[in-house]
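Protein chains in written order, with the UniProt record's numbering: chain A, 1 to 195; chain B, 1 to 195.
Protein chains: 2
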Amino acid sequence: MARTQGSHSDITGPRIREAALALFARHGYAAVSMRQIAAEVGVQAGALYNYTPDKQSLLFRLMYEHMQDLIAAYADQDQTEDAAEALRQFVGFHIRFHLQRPDEVFIAYMELRNLSSDNFAQIEALRRTYENALEAILRKGQAAGAFDIADTKIATLAVIAMLNGVMTWYRAGGRLSLDEVEQAYWDMVHRSVTA
Amino acid sequence: MARTQGSHSDITGPRIREAALALFARHGYAAVSMRQIAAEVGVQAGALYNYTPDKQSLLFRLMYEHMQDLIAAYADQDQTEDAAEALRQFVGFHIRFHLQRPDEVFIAYMELRNLSSDNFAQIEALRRTYENALEAILRKGQAAGAFDIADTKIATLAVIAMLNGVMTWYRAGGRLSLDEVEQAYWDMVHRSVTA
DNA sequence: ACCGTATCTGAACGTCTGTTCAGATAGAAC
DNA sequence: GTTCTATCTGAACAGACGTTCAGATACGGT
């Protein structure tokens, strides 16, 4: 008989995380109940509270860890001096990183309004940190004469918005390979910031 | 004494629509209760059911009417033969139309997953209709040699994603005027599709 | 002045919500 | 083989949910 009680902390913890992630992404935070998450894990609802103080923290941790992973992964890359090359690297990194974590990405910007205001402020700060990395590239390229940008703040947001669009339609095994998609976006991004 | 019963159909109907729109946009469909909507209107929850068969229909009608308005408004414009000019017109139209209706726009793409599958299919069809208008412009310009686009399907989605980014940060009375924003986006969009 | 009807109230329905907790259980430690 | 403790169950909590409906009310038409 399968064990239903006893010591499972190292198994149940991650499974709760995964179940919450998948369910929040598919149905939205507000539409998912603690009992649904528990059922997905194969446990009663009360057991979840050994792993999270409440539902809100469950959401916050998913978003917080995602943003930290994103920033850490980007920082881990080799940094180039050449602005155009750095931009190309950013485009490739952004597309590949985000396509590997569709659920986290979806939650990280659909569920912002379900965060308490303290939690919201923390996530927003991390997002700005990441966006600043891109803006630094654009500014540097602009100063060096490699780019021709009217407003680096707008350009930053426009480029990120454009790249985020990939998530809404790209599916592995579709008409285009990841390399082709990356190349197409790089072309458009590069052109949009050069004269 | 204010009337609390009697004939108000022409007043209450629109007010329910407005209240639902504002609340869904701010807190999300699943997080808003019929009682909250009713309270905003100044009425009991049961009274809402004189105007909508259920909560789901309330959401669907908001989205459906928004998409129809969008398509009709775009069709109402003068159509140009010149592809570059048509693209410029599209960019300006898209930015201005969407910035005038932030709540509708927000709902129309945040709440897709809360639609029943029939309702979802209808909204998606309307969205594709609108996107096809842009793709037609890109294809025409590509054929005429005005544009240099690797994949018009990707370019369509990339341009719309970029433009939709405006909604997340633009606020009237901010650092930039609407004209400046429109100009900046037009520059970037135009460059991204020309060699 | 009265009636008919559109509109709204207020209560009720069954079900679901997040969260708590005493008690049961199974693996780890000795 | 016994004890200890981390983990889970199962029931309970007070309140909120979408929806229904009989009865009250006030306007429009006559």
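Cβ atoms here follow ideal geometry from the backbone N, Cα and C, with glycine treated the same way. All of these numbers come straight from a predicted model, not from anything done at the bench.
{"Check": "Chain-order list of residues whose beta-carbon lies under 6 angstroms from that of R17 (chain B) (same chain, five-residue window excluded)", "Outcome": "none"}
{"Check": "Run of the alpha helix (DSSP H) containing E104 (chain A), from where it starts to where it stops", "Outcome": "P102 to M110"}
{"Check": "Interface residues of chain B facing Y130 (chain A) [CB-CB closer than 8 angstroms]", "Outcome": "Here the premise fails: no neighbours, minimum Cβ distance about 15 angstroms."}
{"Check": "C-alpha gap between A47 (chain A) and H8 (chain A), whole angstroms", "Outcome": "11 angstroms"}
{"Check": "E180 (chain A) - containing alpha helix (DSSP H), residue span", "Outcome": "L178 to S192"}
{"Check": "The segment 186 to 194 of chain B touching the segment 79 to 96 of chain B, judged by at least three CB pairs closer than 8 angstroms", "Outcome": "yes"}
{"Check": "Continuous alpha helix (DSSP H) stretch holding S122 (chain A): start and end", "Outcome": "Looking at the sequence itself, residue 122 (chain A) is Gln, so the reference to Ser does not match. Residues S117 to A144."}
{"Check": "Within-7 angstroms CB hit, G165 (chain A) to chain B", "Outcome": "yes"}
{"Check": "Proximal residues of chain B, C-beta to C-beta of H27 (chain A) below 9 angstroms", "Outcome": "A30, R113 and N114"}
{"Check": "Distance, V32 (chain A) Cα to H27 (chain B) Cα", "Outcome": "15 angstroms"}
{"Check": "Residue environment, A158 (chain B), which counts as buried when at least 16 other CB atoms sit within 10 Å", "Outcome": "buried"}
{"Check": "E18 (chain B) in three-state terms, based on DSSP", "Outcome": "helix"}
{"Check": "is_contact[I95 (chain A), chain B] using C-beta, thresh 7 angstroms", "Outcome": "no"}
{"Check": "Bounding residues of the alpha helix (DSSP H) (the contiguous stretch that carries H8 (chain A))", "Outcome": "Premise fails: H8 (chain A) is in no alpha helix (DSSP H) and is neither H nor E."}
{"Check": "First through last residue of the alpha helix (DSSP H) which encompasses Y64 (chain B)", "Outcome": "K55 to A75"}
{"Check": "Top-ranked residue by Cα proximity to V193 (chain B), from B:E104, B:I107, B:H66 and B:R139", "Outcome": "B:R139"}
{"Check": "For T156 (chain A), the first and last residue of its enclosing alpha helix (DSSP H)", "Outcome": "T152 to N164"}
{"Check": "Simplified DSSP state of A195 (chain A), which is helix, strand or coil", "Outcome": "coil"}
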